[in-house]
Amino acid sequence: MLSITRRSALGLMGATAGSLILPRMAFSQGKRPSVTIAVQKITNNNTLDIWNEQSNVGERVFFPNFWEGLILRDWMGSQGPVPGLATEWKRIDDKTLELKLRQGVKFHNGDELTSDDVVFSFSAQRLFGDTQPAGGKTIFADEHKPTTAKELPASVPGIGRRLWPALAGVEAVDKYTVRFHNATPDITLEGRLYAFGSQIANRRAWDEAATYADWARKPVTTGPYMVGEYKPDVSLTLVAFDEYWGGRPPLEEIRFVEVPEVSSRVNGLLSGEYDFACDLPPDQIGAVRAASGFEVQGSTILNHRISVFNVQNPVLADPLVRRAMTHSIDRQAIVDALWAGQTVVPDGLQFSSYGDMFIKDWKAPEYNPQLAQDLLKQAGYKGDPIPFRLLNNYYTNQTANGQVMVEMWKQVGLNVEIEMKENWGQIHDPSGIKGVRDWSASANINDPVTPMVAQFGPNGEVQQKKDWTNAEANELSVVLETSTDPALRKKAFARMLEICEREDPVYQVLHQNAVFTGMKSSLKWKAAPAFAMDFRGSNWTM
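Position 231 of the sequence shown, counted from 1, bears residue number 231 in full-length UniProt numbering, the numbering being contiguous throughout.
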């Protein structure tokens with residue numbers, strides 16, 4: 001039987017950037033510079049609402065420059081928790097967390113941050129709608145009546161309960177003290193507060209906005225930069241907020257420009273049109289570094305690239321077929337060919353940041369074409385087509401990666417057909433026949449509750465979109481979310497890995513994601529090990 005080699009995989013890579021243009025400086029000569037950043041996408045849903053824009057591209061434009069939470073992520077370091085809008089916090093019991101707010105923090109409209117804004121940010125009207133917490137009922141009902149009724153997008157309460165499944169309410173103890181009350185025990189409450197979504201919005205700005213759409217395109221937050229102008233699918237301009245509690249921002253403006261094609265981002269960087277070019281594939285790094293006055297920064301990040309199966313497809317309903325697909329992929333060949341060895345094949349859907357919860361003896365399904373063929377024979381697979389809904393390089397090297405996988409599947413007898421789509425709405429469209437789709441999974445906190453439960457548990461997007469479900473995995477999700485016994489939680493996580501990757505596969509892990517950003521060498525800025533780009537004073541010394 002033929003096998004795809006690393007050399008042949010390399011031949012399936014996309015085209016290079018093309019002709020390059022000599023650089024010129026794009027800075028104005030004012031006291032504070034402004035920068036222009038070329039990104040492949042600004043947002044997916046054309047809003048700036050953290051709950052409606054849960055995405056990799058959203059992380060880049062939101063954090064840590066615009067949205068801020070009570071606890072912040074250490075973006076330039078361990079990715080763990082550091083004080084933010086709260087200066088300290090303590091456990092009252094296994095269901096209750098108390099936080100002291102930082103006094104004197106100003107919102108972009110001049111209002112002072114108080115406990116009222118925190119209560120609002122986790123209220124029914126802002127986030128949870130009519131949903132109730134798992135294991136209990138809502139408490140501390142919000143009596144505040146907004147000046148204008150707003151209808152939340154249908155997705156927001158679902159996302160809210162995905163990331164805060166059992167939050168019963170937030171209590172304003174006094175002007176600068178709040179308590180988070182959970183309906184069930186949860187040792188991850190602190191982690192959930194620095195995860196994507198738990199950032200604080202200004203209550204008055206919400207009340208004064210005519211509609212949700214108006215508010216969501218210019219939310220009022222506490223970050224060092226505020227929204228100047230947002231043109232969906234075109235650009236986002238953030239401008240300095242000089243009353244920022246963390247000190248005067250070093251930049252006048254940060255302008256994100258949507259440039260979908262890699263070659264256009266690279267050429268624009270080298271011509272001086274852009275100061276930064278994001279999401280460079282490894283085959284473009286050399287061209288940027290070879291140009292005088294430019295460099296590339298990047299590293300692996302706490303995000304894995306994965307593919308997801310839809311079991312409503314009659315072929316994929318058989319777990320033997322999905323298992324065969326997982327054993328058909330030579331992950332190391334993909335890392336070597338498409339990533340020039342600059343990332344790694346992870347040990348399943350887990351991250352070293354989990355600490356004691358990391359399952360050390362676990363590995364992703366082995367590349368074993370013969371086993372894959374045996375499984376297909378047991379399943380009685382007859383070559384029926386399996387659709388692969390694919391976006392054009394939303395993820396770095398996505399198209400080339402998809403082509404390589406299709407060839408690998410073909411070599412064991414799987415008939416996988418690529419269907420190119422324009423956006424995520426088309427990827428998730430329930431009409432037609434689904435099969436395989438691309439995705440990624442991030443460790444939003446240092447615990448396997450993310451992404452395992454958040455993405456694949458009973459409230460996760462996979463089950464909400466009816467891609468897959470598993471009763472035992474759902475029971476184990478409850479253990480991970482509510483147990484305070486570390487050994488029991490670790491055992492539950494290990495069993496979930498076994499179910500989700502080997503017995504009844506819902507996804508296949510491909511490789512750890514890596515982010516590479518081209519930039520002018522004259523800029524005294526460092527890339528975080530994340531999608532986020534930090535332009536606070538502590539990371540800009542020019």
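Cβ atoms here follow ideal geometry from the backbone N, Cα and C, with glycine treated the same way.
* Nearest candidate by alpha-carbon position, reference V254, set I386, N65 and A210 -> The question names Val, yet the displayed sequence has Ile at residue 254. For I254, the nearest C-alpha among the options comes from N65.
* Asked: Roughly how many angstroms lie between the CA atoms of A287 and Q297, to the nearest whole one?
  -> Looking at the backbone, the Cα of A287 and that of Q297 are separated by about 13 Å.
* Under a three-way DSSP split, which group does P260 fall into? -> coil
* **For H304 and L349, believed in contact at Cβ under 8 Å, the rounded distance** => 6 Å
* Asked: Taking the alpha-carbon positions, what's the W540 to M405 distance?
  -> 41 Å
* Just curious, the alpha helix (DSSP H) that P282 is in, first and last residue? -> P282 to A290
* Separation of T114 from P365, as counted between CA atoms -> 50 Å
* Asked: Are the segment 32-49 and the segment 165-177 in contact at 8 Å, needing three or more beta carbon pairs?
  -> no
* When you compare each of F309, T138, T237 and V266 to F456 by their alpha carbons, which one comes out closest? -> F309
* Give the single residue among S198, D233 and K106 whose Cα lies nearest to the Cα of N423. => D233
* **Distance, V344 Cα to Q512 Cα** => The alpha-carbon of Q512 is positioned some 6 Å away from that of V344.
* To do: Under the assumption that Q463 contacts D438 (Cβ atoms under 8 Å), give the Cβ distance between them as a whole number of angstroms.
  => Not quite, the Cβ-Cβ distance comes to about 18 Å (not below 8 Å), so this is no contact.
* What separation, rounded to the nearest whole angstrom, lies between the Cα atoms of D336 and P346? -> 14 Å
* Are V57 and I37 closer than 9 Å when you measure CB to CB? -> no
* **Under the three-state DSSP convention, the category P83 falls into** => strand
* To do: Measure the C-alpha to C-alpha separation of R289 and V416 and round it to an integer number of angstroms.
  => 38 Å
* **Residues that A277 bridges to, as DSSP identifies them** => A38 and G518
* **Distance CB(V156)-CB(S123) smaller than 9 Å** => no
* **Same chain, Cβ closer than 6 Å to F63, neighbours up to 5 away in sequence not counted** => A532
* To do: Tell me, please, which residues DSSP counts as bridged to S307.
  => D438 and Q508
* Roughly how many angstroms separate the alpha carbons of E208 and S264, rounded to a whole number? -> 40 Å
* To do: Have a look at M325 and W409 and give me their C-alpha separation to the nearest angstrom.
  => 7 Å
* **Euclidean distance between Cα positions of C278 and V509** => 23 Å
* To do: Could you tell me which of H108, L163, A172 and D117 sits nearest to I139, measuring between CA atoms?
  => The shortest C-alpha separation from I139 is found at A172.
* To do: Mark K95 as exposed unless 16 or more other C-beta atoms lie within 10 angstroms of its C-beta, in which case mark it buried.
  => Buried.
* Leaving aside the five residues before and after S235 along the sequence, list all residues of the same chain whose C-beta is less than 8 Å from its C-beta, in chain order. => I42, E229, R255, F256, V257 and E258
* Does DSSP classify G348 as helix, strand or coil? -> coil
* **Three-state secondary structure assigned by DSSP to W215** => helix
* Cut-off 6 Å between Cβ atoms - residues of its own chain near K377, not counting five sequence neighbours on either side -> Here K377 has no same chain residue with a Cβ atom under 6 Å from its own Cβ, once five neighbours each way along the sequence are excluded.
* Buried or exposed for G69, please, with buried defined as at least 16 other CB atoms from any protein chain shown within 10 angstroms of its CB. => buried
* **Length of the line joining the Cα atoms of D429 and S292** => Those two C-alpha atoms are separated by around 46 Å.
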